[in-house]
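Undergrad: Taking our numbering, I'd label the letters of the sequence shown as residues 211 to 807.
Before we start, here is the structure in question, set down as structure tokens.
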Amino acid sequence: MENPSHHGYRLGDTLGRGSTGPIVAATDEHGNEFAIKALRPELATDHDLVTRLMRECAVLARVRNPNLVAVHDCVVDGDFVGIVRDRVTGTSLRAHLREAGTLLPAEIARIGAGIATALAALHNVGVLHLDLRPENILLDEEKTPRVTGFGLFALIAASAGGHAVPITRRAQYSAPELITEQPANSGSDLYALGIVLYELCCGVVPFGGGTDYAVMRHQVQSAPRRPPGVPDLLWAVVDGLLAKDPAARIGPAANVAELLDGMVGELVNAPCATQLTSPPESTPIDPTPPPQSGPRPMPSPDSGTYFGDVPVGGAVPKPRRRRVVLLSAAALLVAIGVFAGWALSGAGSGSAQSSPASTQTATALPPVNQTDTPTTTTVAPMTTAPNLVGEPLAKAQDTLPSSIKVTYVDTIDASESDNTVVAQDPAAGQALNGAMKLTVARQPVTVYLDSLPTLSGENGGWQSGNTGEIAGKTYTDSLVGGLYGCNDGPQYVEYNLAKGYRQLVITAGFSDDSPDSSVPGSLEIFTDGVQVSTTTLAYGKPYPITVDLSGVLRLKIAWQAVEQPGHCVDTDQLVLGSAALLGLPGEVPSDTPTPTN
211 MENPSHHGYR LGDTLGRGST GPIVAATDEH GNEFAIKALR PELATDHDLV
261 TRLMRECAVL ARVRNPNLVA VHDCVVDGDF VGIVRDRVTG TSLRAHLREA
311 GTLLPAEIAR IGAGIATALA ALHNVGVLHL DLRPENILLD EEKTPRVTGF
361 GLFALIAASA GGHAVPITRR AQYSAPELIT EQPANSGSDL YALGIVLYEL
411 CCGVVPFGGG TDYAVMRHQV QSAPRRPPGV PDLLWAVVDG LLAKDPAARI
461 GPAANVAELL DGMVGELVNA PCATQLTSPP ESTPIDPTPP PQSGPRPMPS
511 PDSGTYFGDV PVGGAVPKPR RRRVVLLSAA ALLVAIGVFA GWALSGAGSG
561 SAQSSPASTQ TATALPPVNQ TDTPTTTTVA PMTTAPNLVG EPLAKAQDTL
611 PSSIKVTYVD TIDASESDNT VVAQDPAAGQ ALNGAMKLTV ARQPVTVYLD
661 SLPTLSGENG GWQSGNTGEI AGKTYTDSLV GGLYGCNDGP QYVEYNLAKG
711 YRQLVITAGF SDDSPDSSVP GSLEIFTDGV QVSTTTLAYG KPYPITVDLS
761 GVLRLKIAWQ AVEQPGHCVD TDQLVLGSAA LLGLPGEVPS DTPTPTN
């Protein structure tokens, strides 16, 4: 069957599906490739929505920016309605984050700058995105962020047909003013950008988990805590974007883009932050909302606005321009304070309405005075180390003032709850001297050795995926190797670990069904060519072995029979019971088969 055509576009395969309908490949009569965002039938038959879509499509088609997926046309053909846009070859930011776990701070700043640049282009023509999340950010083949999905959510929310997508579907990225049914504004998109940057830092959103309504409550009533390992510069921006009051957020988007782009060089050597499975416990704040007079107002089809705080075709008011100079990290932090000052004074919010003053103090950046000099509060310095061992990391972070430079060391410790402080330096009661090292327990990712390919050595080879029995106990995921000959030298195998693991944990011994129980064996383990463990094995006994693999590229395991005068061993079976590699989230190689938690 020939593929259908609509107004000169021939449709191809379905590329994906979104909340408003499928995304379909398309080509025009000249062979140019596009992607068409088609509307679901109940949306495509909403006359008011389609009328507004055609009117606003002319606005969207005017917006051109390297960080936007450009809109070229809108097609209405019977019950088929779609938005024609660039077809981007690459992946989504969601897929990239899922594969990487967390991103390097410099990459986060670069991607964030691109997203903010795209938002600035939209805001300058009066368009709000209102659906910014990793699924709506594409990375092309050159890893350039391209924002898509803009405008459509706002149109649907404002349509007379009442086809609004529930806000609970986007609760994790929704600004407090949207949840409390206040007018949307350009700061609503900047708040969503802050959530996205937070997620790129540590792998989770700041208010994830629980029900959608619990997330919505936290968006309004809680301030996020800083994930461990996020650099000061990057956290200052994220924190400033997540201010509860739109007027207190750093902005407008063009300034945020300039700020993030300027710190890429400063962050180039910064390592990835800790990958989390759940965010640090948030801080409750005064939830007093702005007064409400009813549901969030929606613009009428003839209002001349595009569900935002600036008229179509208008320009977002720009603040007094200040150039970010890359002198040092301190200079960038001062620049962040300056941008916060613009937002607090209302110069750069782009909002036609002034929001009531926020009661939040936990996340807003320090206000600045008329001379752009940050205000400060004198706090007595902490000189003696408090006792933080046994405390949750979030509580320990709250205990230490920001003037203390904290270094975090992750350690595998299944006996403690995840993100619990298990050691500190200096110890409690000792002089602090402005710095603290916290060792934090992490629950390991477990990868069984029999799932990894071997780099076969001479005479080496395992039987993998076996169940072994040592001294009457059964061990799954075991490796079994033959032990035979008189003096044939050791057998061995090697594994490429790529510095992705912290520990090797095994129980070694002879299989209970070995035919010769009189000859002992020798098991040796090498890391990067250095012998780190030697164990002499006797029949009928298990031997627990733990080896530190921190920073290890290559693991070698060698075994042989211990020579006995006049005696040759006859194919005994050496068992490495439940041989497991333990690693930390974000460090275990992404292509490792079947990891378990």
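Glycine included, every Cβ here is placed at the ideal spot set by N, Cα and C.
(1) Spell out a yes or no on whether the stretch 758 to 772 and the stretch 626 to 635 are touching, meaning 3 or more CB-CB pairs, one atom from each, closer than 8 Å.
(2) In terms of residue numbering, what span does the alpha helix (DSSP H) encompassing His240 cover?
(3) Taking all protein chains shown into account, do 16 or more other C-beta atoms lie within 10 angstroms of the C-beta of Pro663, making it buried, or fewer, making it exposed?
(4) Within 10 Å of its beta-carbon, does Gly420 have 16 or more other beta-carbons around it, so buried, or fewer, so exposed?
(5) When the Cα of Phe360 is compared with those of Pro596, Val279, Asp350 and Pro752, which residue comes out closest?
(6) By DSSP, does Lys454 sit in helix, in strand, or in coil?
(7) Tell me which same chain residues have a C-beta within less than 8 Å of the C-beta of Ala708, skipping the five on either side of it?
(8) At 3 residues or longer, and completely inside the stretch 593 to 663: list those beta strand (DSSP E) runs for me, N to C.
(9) Can you tell me the Cα-Cα spacing of Met646 and Ala248, whole angstroms?
(10) Quick one: grab the DSSP three-state call for Pro251.
(11) Have a look at Val619 and Leu689 and give me their C-alpha separation to the nearest angstrom.
(12) Just tell me which of Gly322, Asp258, Ser721 and Leu253 has its CA closest to the CA of Gly404.
(13) Please determine, among Gly222, Ala271, Cys267 and Gly311, the residue with the shortest C-alpha to C-alpha distance to Ile233.
(14) Given a cut-off of 8 Å, decide if Glu679 and Ser727 are closer than it, judged by their beta-carbon atoms.
(15) Look up Asn706 in the DSSP assignment and give the residues it is bridged to.
(16) Classify Met426 as buried or exposed, calling it buried when 16 or more other Cβ atoms lie within 10 Å of its own Cβ.
(17) Can you tell me where the alpha helix (DSSP H) with Leu808 in it begins and where it stops?
(18) Take Ala480 as the anchor and find which of Ala235, Pro315, Arg250 and Ala424 has the nearest alpha-carbon.
(19) Go ahead and pull the three-state DSSP assignment for Thr327.
(20) According to the Cβ coordinates, are Phe417 and Ser492 closer than 8 Å?
(21) Exposed or buried, which one is Arg274 when buried takes at least 16 other CB atoms within 10 Å?
(22) Measuring only the C-alpha atoms, how far is Glu409 from Glu239?
(23) Would you kindly check if the distance between the Cβ of Tyr219 and the Cβ of Val294 is under 8 Å?
(24) Along the beta strand (DSSP E) that carries Ala463, what are the first and last residues, could you check?
(25) Can you name the start and end residues of the alpha helix (DSSP H) that Ile405 belongs to?
(26) Spatial neighbours of Arg435 within its chain, please: CB distance less than 7 Å, with the 5 preceding and 5 following residues excluded, ordered by chain position.
(27) Does the Cβ-Cβ distance between Pro700 and Gln770 come in under 8 Å?
(28) Less than 8 Å between the beta carbons of Ala463 and Ala637, yes or no?
(29) Provide the residue span of the alpha helix (DSSP H) that contains Arg427, from first to last.
(30) Is it buried or exposed, Lys615, if we count other Cβ atoms within 10 angstroms and call 16 or more buried?
(31) Less than 8 Å between the CB atoms is what I'm expecting for Pro441 and Thr484, so what's the real figure, rounded?
(32) Alpha carbon to alpha carbon, how far is Pro803 from Gln640?
(33) Roughly how many angstroms lie between the CA atoms of Asn334 and Pro355, to the nearest whole one?
(34) Apply the 10 Å Cβ neighbour rule to Val772 and answer buried if 16 or more other Cβ atoms are within range, or exposed otherwise.
(35) By Cβ distance, which residues of its chain are closer than 7 Å to Ala331, with the 5 residues on each side in sequence left out?
(36) Terminal residues of the continuous alpha helix (DSSP H) containing Pro386?
TA: This is what the structure holds:
(1) At 8 Å Cβ cutoff, the stretches do not touch.
(2) What you label residue 240 is simply residue 30 of the sequence shown in a count that begins at 1. Per DSSP, His240 lies in no alpha helix (DSSP H) and is assigned neither H nor E.
(3) As a working note, residue 663 is residue 453 in the sequence shown. Here Pro663 is exposed, its C-beta having fewer than 16 other C-beta atoms within 10 Å.
(4) For this step, residue 420 is matched to residue 210 along the sequence shown. Under this definition Gly420 is an exposed residue.
(5) On the sequence shown, position 150 is the one that residue 360 refers to. With distances taken between Cα atoms, Phe360 lies closest to Val279.
(6) Against the sequence shown, residue 454 aligns to sequence position 244. In this structure, Lys454 counts as coil in the three-state DSSP scheme.
(7) In the sequence shown, counting from the first residue as 1, residue 708 sits at position 498. Result list for Ala708: Leu763 and Pro799, in chain order.
(8) Listed in chain order, the beta strand (DSSP E) runs fully inside the stretch 593 to 663 are 615 to 622, 630 to 635, 645 to 652 and 655 to 658, counting runs of at least 3 residues.
(9) The count along the sequence shown starts at 1 and reaches residue 646 at position 436. The count along the sequence shown starts at 1 and reaches residue 248 at position 38. If you take the alpha carbons of Met646 and Ala248, they lie about 55 Å apart.
(10) Sequence index remark: in the sequence shown, residue 251 carries index 41 (1-based). Secondary structure of Pro251 (DSSP, three-state): helix.
(11) Indexing the sequence shown from 1 puts residue 619 at position 409. Indexing the sequence shown from 1 puts residue 689 at position 479. Their Cα atoms are separated by approximately 32 Å.
(12) Position 194 of the sequence shown, counted from the start, is the residue given in the question as residue 404. Ranking the options by Cα distance to Gly404, first place goes to Gly322.
(13) Taking the first residue of the sequence shown as position 1, residue 233 is located at position 23. In this structure, Gly222 is the residue among Gly222, Ala271, Cys267 and Gly311 with its C-alpha nearest to the C-alpha of Ile233.
(14) Counting from one through the sequence shown, the residue named residue 727 turns up at place 517. Counting from one through the sequence shown, the residue named residue 679 turns up at place 469. Against a cut-off of 8 Å, the Cβ pair of Glu679 and Ser727 comes out as no contact.
(15) Locating residue 706 in the sequence shown gives position 496, counting from the first residue. According to DSSP, Asn706 bridges with Arg764.
(16) Position 216 of the sequence shown, counted from the first residue, corresponds to residue 426. With 16 or more other Cβ atoms within 10 Å, it is buried.
(17) Here the chain covers residues 211 to 807 and nothing more, so residue 808 does not appear.
(18) By 1-based counting over the sequence shown, the position of residue 480 is 270. Considering only alpha carbons, the answer is Pro315.
(19) Translated into positions along the sequence shown, residue 327 becomes position 117. Per DSSP, reduced to three states, the secondary structure at Thr327 is helical.
(20) Translated into positions along the sequence shown, residue 417 becomes position 207. Translated into positions along the sequence shown, residue 492 becomes position 282. Contact check for Phe417 against Ser492 passes: the beta carbons are separated by less than 8 Å.
(21) As a working note, residue 274 is residue 64 in the sequence shown. Flag for Arg274 reads exposed.
(22) The residue you call residue 409 lines up with position 199 of the sequence shown. The residue you call residue 239 lines up with position 29 of the sequence shown. In this structure, the straight-line span from the alpha carbon of Glu409 to that of Glu239 is close to 41 Å.
(23) In the sequence shown, counting from the first residue as 1, residue 294 sits at position 84. In the sequence shown, counting from the first residue as 1, residue 219 sits at position 9. For Val294 and Tyr219, yes; Cβs fall inside 8 Å.
(24) The residue labelled residue 463 in the question sits at position 253 within the sequence shown. For Ala463, no beta strand (DSSP E) encloses it; the enclosing alpha helix (DSSP H) starts and ends at Ala463 to Gly472.
(25) Numbered from its first residue, the sequence shown carries residue 405 at position 195. Element bounds for Ile405: Ser396 to Cys412.
(26) To locate residue 435, count along the sequence shown from 1; it is residue 225. Annotation for Arg435: Pro490, Glu491, Ser492, Thr493, Ala604 and Gln607 place their beta carbon closer than 7 Å to its own, counting only its chain and skipping 5 residues before and after.
(27) To locate residue 700, count along the sequence shown from 1; it is residue 490. To locate residue 770, count along the sequence shown from 1; it is residue 560. Judged by their CB atoms, Pro700 and Gln770 are nearer to each other than the 8 Å cut-off.
(28) Residue 463 sits at position 253 when you count from the first residue of the sequence shown. Residue 637 sits at position 427 when you count from the first residue of the sequence shown. Taking the C-beta atoms as reference points, Ala637 is found no nearer than 8 Å to Ala463.
(29) Residue 427 sits at position 217 when you count from the first residue of the sequence shown. Per DSSP, Arg427 belongs to the alpha helix (DSSP H) from Asp422 to Gln431.
(30) Mapped onto the sequence shown, residue 615 falls at position 405. So Lys615 counts as exposed.
(31) Against the sequence shown, residue 441 aligns to sequence position 231. Against the sequence shown, residue 484 aligns to sequence position 274. Pro441 to Thr484, Cβ: 13 Å. No contact.
(32) Walking along the sequence shown from the start, residue 803 turns up at place 593. Walking along the sequence shown from the start, residue 640 turns up at place 430. Residue placement at Pro803 cannot be trusted, given a pLDDT of 45 that sits under 50; the coordinates are not used to answer.
(33) Within the sequence shown, residue 334 is the residue found at index 124, counting from 1. Within the sequence shown, residue 355 is the residue found at index 145, counting from 1. Going by C-alpha positions, Asn334 is about 19 Å away from Pro355.
(34) Translated into the one-based positions of the sequence shown, residue 772 becomes position 562. Its Cβ having fewer than 16 others within 10 Å, Val772 is exposed.
(35) Taking the first residue of the sequence shown as position 1, residue 331 is located at position 121. Excluding sequence neighbours, Ala331 sits near Val273, Asn275 and Leu278.
(36) Counting from one through the sequence shown, the residue named residue 386 turns up at place 176. DSSP places Pro386 inside the alpha helix (DSSP H), whose first and last residues are Pro386 to Ile389.
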